[in-house]
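Residue numbers for the sequence shown follow our numbering, so the first one is 84 and each next one is one higher.
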Amino acid sequence: MKRRATSTETALQRVTNGVDKPRPVARLRAKVKPTRGYAHVFHVLLSAVFPLFLYVLVRIELTQVAVAIVLLSKWRMLAVRPRFWPAIFRANAVDLLVSVSTVLFMYQATATWAQVLWVVLLILWQVWLKPLKSTFGIAVQAIVGQLYGLLALYLTWPSAPLAVLVFGTGGVAYLAARHFLTGFDEPYAPLYANIWGFFAASLGWVSGHWLLYYFGVAQPVLLLSVLGFSLGGLYYLQEHDKLSAYLRRQIVVIMIAIVLVVLLVSDWGSKVI
């Protein structure tokens, strides 16, 4: 079984070519995110209250302030040496995508129950899903981060310039892939993440000329979610020696079938932007 690397400290160790050096982030996280005792309980309560605070800001029409507070909540990313900032940003990118996207979803929602639903989902993310450090937990985090980020991009800025959609789509996919691959001892993680990001950007460029929506979900979001979930599942099963030839064929056939259905039922003639 391959060694699993799930923590931010391991990501920093990779940046320094695997040399065992002092890890300032580890010491900082031990203080900011306690794992036991009353401090841990207090930290969990703060994590649960934070989405409620964002909800209040959105309700009083201070959405920009809510987004700014989400960004400021990551102040500890800058509490280490600048050479660690890229690795720290990648480690926190998925959490930022989910939190900022949820604020935008609450802003876009027209019904109170929908806003409350987004708050509940963000609480579940903060309290349960985000703290997971297992390979499976990191994989789910990456899938959720990509889905949220792409949904927010195409729901909030559907009329944005094509370049914004292309770079935004590629950036979200790249960050999600890097997060996914931190759960594995993958030497080609940067290469795979760049390939996935480039593919997503290319799909965003093509789809941007014929931007179609299915019940509010943009076509590139749907396609990238299906492809990302399928390819990620194949990789996960392969790394855990659970991928049989029969299961591989099933996943590939279902993935291709869904993509073909999405493409064939699309009304390409009347939705040109």
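Think of the CB as a built atom: it goes at the ideal place given N, C-alpha and C, for glycine as much as any other residue.
(request) Kindly list the residues whose CB is nearer than 8 angstroms to the CB of V336, restricted to its own chain and excluding five residues on each side of it in sequence; keep chain order. (result) none
(message) Checking the sheet assignment: what are the DSSP bridge partners for A301?
(response) Y296
(message) Would V345 and W288 be called neighbours here (beta carbons separated by less than 8 angstroms)?
(response) no
(message) Between the alpha carbons of Y296 and V132, how many angstroms are there, rounded?
(response) 34 angstroms
(request) Go ahead and pull the three-state DSSP assignment for S156. (result) coil
(request) Look up G232 in the DSSP assignment and say whether it is helix, strand or coil. (result) helix
(request) Please state if the CB of A260 and the CB of G280 are separated by a distance shorter than 8 angstroms. (result) yes
(request) Report buried or exposed for Y237, applying the criterion of at least 16 other Cβ atoms within 10 angstroms of its Cβ. (result) buried
(request) Express the C-alpha separation of W168 and I143 in angstroms, rounding to a whole number. (result) 34 angstroms
(request) Could you spell out where the alpha helix (DSSP H) holding T185 opens and where it closes? (result) 168 to 191
(request) Report the three-state DSSP secondary structure of V163 (helix, strand or coil). (result) coil
(request) Answer with buried or exposed for H262, where buried requires no fewer than 16 other C-beta atoms within 10 angstroms of its C-beta. (result) buried
(request) Compare the beta carbon distance of V181 and G220 with 8 angstroms and say whether it is the shorter of the two. (result) no
(message) Less than 6 angstroms between C-beta atoms, sequence neighbours within five positions excluded: which residues of the same chain meet that for L137?
(response) A149, V186
(message) Rounding to the nearest angstrom, what Cα-Cα distance links G254 and G232 in this structure?
(response) 10 angstroms
(request) Check each candidate in Y121, V124, V153 and name the one with the smallest Cα separation from L135. (result) V153
(message) Using only CA atoms, which one of A192, D178, N175 lies nearest to G299?
(response) A192
(message) Rounding to the nearest angstrom, what Cα-Cα distance links M160 and A170 in this structure?
(response) 9 angstroms
(request) Could you tell me the distance, in whole angstroms, from the CA atom of P214 to the CA atom of V223? (result) 12 angstroms
(message) Distance check for V139 and A197, CA to CA, integer angstroms please.
(response) 14 angstroms
(message) Rounded to the nearest angstrom, what separates L204 and F188 at their Cα positions?
(response) 11 angstroms
(message) Mapping the DSSP letters down to three states, classify A243 as helix, strand or coil.
(response) coil
(request) Please list, in chain order, all residues of the same chain as L245 whose beta carbon is under 8 angstroms from its beta carbon, the five residues on each side excluded. (result) W288, G291, H292
(message) One question on the structure: do Y130 and V202 come within less than 8 angstroms of each other, judged by their Cβ atoms?
(response) For clarity, residue 130 is Ser in the given sequence; the question names Tyr instead. Contact: no.
(message) As a quick exercise: from I206, A235, A225, pick the residue whose alpha carbon is nearest that of A174.
(response) A225
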